[in-house]
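Residues in the sequence shown are numbered from 18 upward in steps of one, following the working numbering. Ideal Cβ placement from N, Cα and C applies to all residues, glycine included. Working notes, beginning with the structure itself.
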Amino acid sequence: MGWTRERLEDVARSRLGGAKLIVVSNREPYIHHRRPGGGIGVMRPAGGLTTALDPVMRACGGVWVAHGSGNADREACDADGRVMVPPDDPSYTLRRVWLTEEQEAGYYYGFANSTLWPLCHQVYQRPTFDPDHWAVYREVNELFAAAVLEEARGGPAVVFVQDYHFALLPRLLKDARPDLVVAQFWHIPWPNPETFRVCPWAAELLDGMLGNDLLGFHIQYHCNNFLETVDRAVESRICRETFSVAHRGHDTRVRPFPISVDPDLAADYLAAGWEPRVAAIRQKYQLADRPLIVGVDRVDYTKGIPERLRGLDRLLDRFPELVGQFHFVQLGAPSRTSLPEYRHLNHEVQTLADEINWKYGSETWQPVVFVNEHIGPDLIYALYRGAAGCVVSSLHDGMNLVAKEFVSARDDEQGVLVLSEFTGAARELTDAVLVNPFDVDAVAAGLHAALTMPAAEQRRRMRRMRAQVADNNIYRWAGMLLSEACKLVDDGPWATDPDPSDDEDATSVLPGGPGSGVLKFTA
Ligand code: F6P
Numbered sequence: 018m019g020w021t022r023e024r025l026e027d028v029a030r031s032r033l034g035g036a037k038l039i040v041v042s043n044r045e046p047y048i049h050h051r052r053p054g055g056g057i058g059v060m061r062p063a064g065g066l067t068t069a070l071d072p073v074m075r076a077c078g079g080v081w082v083a084h085g086s087g088n089a090d091r092e093a094c095d096a097d098g099r100v101m102v103p104p105d106d107p108s109y110t111l112r113r114v115w116l117t118e119e120q121e122a123g124y125y126y127g128f129a130n131s132t133l134w135p136l137c138h139q140v141y142q143r144p145t146f147d148p149d150h151w152a153v154y155r156e157v158n159e160l161f162a163a164a165v166l167e168e169a170r171g172g173p174a175v176v177f178v179q180d181y182h183f184a185l186l187p188r189l190l191k192d193a194r195p196d197l198v199v200a201q202f203w204h205i206p207w208p209n210p211e212t213f214r215v216c217p218w219a220a221e222l223l224d225g226m227l228g229n230d231l232l233g234f235h236i237q238y239h240c241n242n243f244l245e246t247v248d249r250a251v252e253s254r255i256c257r258e259t260f261s262v263a264h265r266g267h268d269t270r271v272r273p274f275p276i277s278v279d280p281d282l283a284a285d286y287l288a289a290g291w292e293p294r295v296a297a298i299r300q301k302y303q304l305a306d307r308p309l310i311v312g313v314d315r316v317d318y319t320k321g322i323p324e325r326l327r328g329l330d331r332l333l334d335r336f337p338e339l340v341g342q343f344h345f346v347q348l349g350a351p352s353r354t355s356l357p358e359y360r361h362l363n364h365e366v367q368t369l370a371d372e373i374n375w376k377y378g379s380e381t382w383q384p385v386v387f388v389n390e391h392i393g394p395d396l397i398y399a400l401y402r403g404a405a406g407c408v409v410s411s412l413h414d415g416m417n418l419v420a421k422e423f424v425s426a427r428d429d430e431q432g433v434l435v436l437s438e439f440t441g442a443a444r445e446l447t448d449a450v451l452v453n454p455f456d457v458d459a460v461a462a463g464l465h466a467a468l469t470m471p472a473a474e475q476r477r478r479m480r481r482m483r484a485q486v487a488d489n490n491i492y493r494w495a496g497m498l499l500s501e502a503c504k505l506v507d508d509g510p511w512a513t514d515p516d517p518s519d520d521e522d523a524t525s526v527l528p529g530g531p532g533s534g535v536l537k538f539t540a
């Protein structure tokens with residue numbers, strides 16, 4: 018049986034029993050902002066995490082604790098920072114945590130995005146190791162711990178922590194409430210031990226993460242790296258058979274859970290008719306009816322955007338017959354622009370696009386269109402559907418959901434995915450045209466394939482990739498994680514009936530069924 022929203026709802030109900038589900042992430046799924054003309058608007062942030070988790074929370078209900086970052090966030094919620102979301106279909110509570118500018122600078126821009134982000138991605142961007150950032154990172158983890166503990170008061174709860182912003186949070190939660198089930202998903206890669214050990218606070222970070230009952234990464238390789246890192250850095254007992262770490266009398270299971278998309282979302286976005294939206298873009302940027310290759314990213318140095326532009330330059334140089342025949346449309350949502358590296362990257366991408374347009378373009382044809390703004394999903398999905406191909410050239414990426422979104426949009430079974438072999442997605446989407454983004458000729462060859470692949474070959478590959486994304490969808494990711502986390506509930510101090518359905522396929526876990534042991538709250 019496949020994973021659907023309904024099945025996840027069933028699993029959440031039965032597996033969680035009476036426990037509350039609390040998700041924690043830095044980025045909030047809905048941002049309230051003041052409209053220039055007056056009134057309050059709601060924005061969805063760019064980035065895979067919130068897009069992936071929102072359908073899960075809609076299905077499971079519960080509380081999502083996140084940084085309140087919008088300029089109208091306080092007005093939109095109650096005195097405790099709580100607001101029901103999504104605005105058009107309130108299904109779960111968003112609990113906002115307020116940070117000062119100094120806290121945001123030290124914790125988010127500082128330790129999370131100038132230390133852990135480059136450290137874990139290993140893309141030759143040197144991490145910053147600033148003791149002040151580290152102090153604020155600890156302080157903000159404590160602030161979030163206080164908010165979670167408040168939300169978890171009075172009953173059992175499963176806390177699902179997201180990402181590298183909160184390496185210390187699991188330990189803080191476990192120390193305060195050993196009865197909580199704490200699981201964390203690390204959305205970015207985990208580097209090899211040699212890379213990680215240069216961090217002056219490596220041991221503290223690992224100790225924080227080992228407060229988890231369950232720790233998930235996208236792929237087995239990152240789990241292996243994590244275990245190796247722990248092995249070298251902290252005193253612990255590692256069991257390679259169960260893939261778990263015993264540290265300070267507590268066991269942490271480490272598992273791969275490849276994240277994915279909700280394939281039905283594509284159908285929803287495309288239902289209203291994608292053609293007029295693509296036609297409007299074609300008209301706005303004078304694209305006529307030429308084939309389009311698209312790139313859709315936050316402008317981030319891990320995404321390999323300059324590398325793909327250099328590949329495009331190489332393609333036009335090597336295949337002059339392609340000049341004037343297609344357009345490359347790069348949607349680049351500005352991201353983390355308070356950091357100089359990110360501002361420089363925006364500038365570098367714009368400069369490269371201008372250079373290529375100057376070198377090969379004419380009055381009637383410009384090869385590159387760089388749209389450096391936030392674009393809504395309606396238009397993004399329309400472009401996925403109408404393009405000849407999509408290129409994802411990340412230098413290193415935990416998963417990359419753009420690749421899966423593109424596949425989910427291609428109900429016509431056409432379109433070529435050019436995909437970096439250094440993404441988690443490349444492990445599953447083996448029918449993409451896989452390229453090494455550091456190899457300019459390989460990127461050029463990938464783009465060439467996207468423009469010339471026969472329709473039958475496109476269909477053969479796309480059909481297989483669509484089957485993969487349909488099966489391994491976001492509901493499966495969440496269902497597997499919740500089932501695994503709740504096994505620990507079953508083993509824990511609240512355990513009632515042992516659950517015989519411990520298999521990967523939790524089909525027998527229905528409300529009131531064998532897995533529906535209600536948790537006993539002991540704290
Ligand atoms: O994938 C890592 C990640 O931090 C996600 O958590 C998020 O979806 C994305 O990058 C966007 O980053 P930010 O929240 O910093 O804009």
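Span of the alpha helix (DSSP H) holding residue i?
i      : result
Tyr286 : Pro280 to Ala288
Cys256 : First-last for Cys256: Arg254 to Cys256, but that is the beta strand (DSSP E), not the alpha helix (DSSP H).
Asp248 : Gln237 to Ala250
Leu356 : Taken as a continuous stretch (DSSP letters only), Leu356 belongs to no alpha helix (DSSP H), as it is neither H nor E.
Ala459 : Val457 to Thr469
Val271 : Run containing Val271: none in the alpha helix (DSSP H); it sits in the beta strand (DSSP E), His267 to Pro273.
His391 : That residue, His391, is in no alpha helix (DSSP H); it is neither H nor E in DSSP.
Gly225 : Ala219 to Met226
Ser261 : No alpha helix (DSSP H) holds Ser261; the beta strand (DSSP E) holding it covers Ser261 to His264.
Gly123 : Neither: Gly123 is in no alpha helix (DSSP H) and is coded neither H nor E.
Ser425 : Leu418 to Ala426
Pro384 : No alpha helix (DSSP H) contains Pro384, which DSSP labels as neither H nor E.
So for residue i, helix, strand or coil by DSSP?
i      : result
Arg307 : coil
Tyr181 : helix
Ile57  : strand
Val340 : coil
Pro528 : A caution first: Pro528 carries a pLDDT of 26, below 50, which makes its placement in the model unreliable, though a value can still be read off. It is coil, neither helix nor strand.
Ser131 : helix
Asp27  : helix
Asp371 : helix
Asp516 : The predicted position of Asp516 is uncertain, since its pLDDT is 42 and thus under 50; a value taken from the coordinates is nonetheless stated next. Correct three-state label for Asp516: coil.
Tyr109 : strand
Pro510 : The pLDDT assigned to Pro510 is 46, lower than 50, so where the model puts this residue is not dependable, and the model offers no usable value.
Arg476 : helix
Ser410 : coil
Trp81  : strand
Arg315 : strand
Ser437 : strand
Met101 : strand
Leu348 : strand
Val215 : coil
Arg32  : helix
On the DSSP letters alone, give me the boundaries of the beta strand (DSSP E) that residue i sits inside.
i      : result
Leu38  : Lys37 to Val41
Cys94  : Unbroken run through Cys94: none, as it is neither H nor E.
Gln201 : Val198 to Phe202
His49  : Ile48 to Arg51
Val450 : Val450 to Val452
Leu232 : Leu231 to Phe234
Would a C-beta distance cut-off of 9 Å place residue i and residue j closer than the cut-off?
i      : j      : result
Met479 : Arg444 : no
Asn490 : Trp115 : no
Glu324 : Pro206 : no
Ala83  : Arg44  : yes
Val199 : Val178 : yes
Leu283 : Arg402 : Strictly speaking, residue 283 in this sequence is Ala, with Leu absent from that position. In this structure, Arg402 lies closer than 9 Å to Ala283 by Cβ.
Phe343 : Arg307 : yes
Val215 : Leu244 : no
Met482 : Leu451 : no
Arg294 : Asp395 : yes
Lys602 : Leu326 : One cannot answer for residue 602 here, as it falls past the ends of the chain, which runs 18 to 540.
Val408 : Leu348 : no
Val313 : Val424 : no
Trp134 : Pro144 : yes
Measuring only between beta-carbons, confirm whether residue i sits less than 9 Å from chain B.
i      : result
Ala184 : Among the protein chains of the structure shown there is no chain B, as only one such chain exists.
I want to check one thing, is the minimum distance from the CB of residue i to the heavy atoms of ligand 2 below 8 Å?
i      : result
Asp488 : Among the ligands in the structure shown, ligand 2 does not appear; only ligand 1 can be found there.
Residue ranges of each beta strand (DSSP E) run of no fewer than 3 residues wholly in the segment 137-193, ordered along the chain?
174-179
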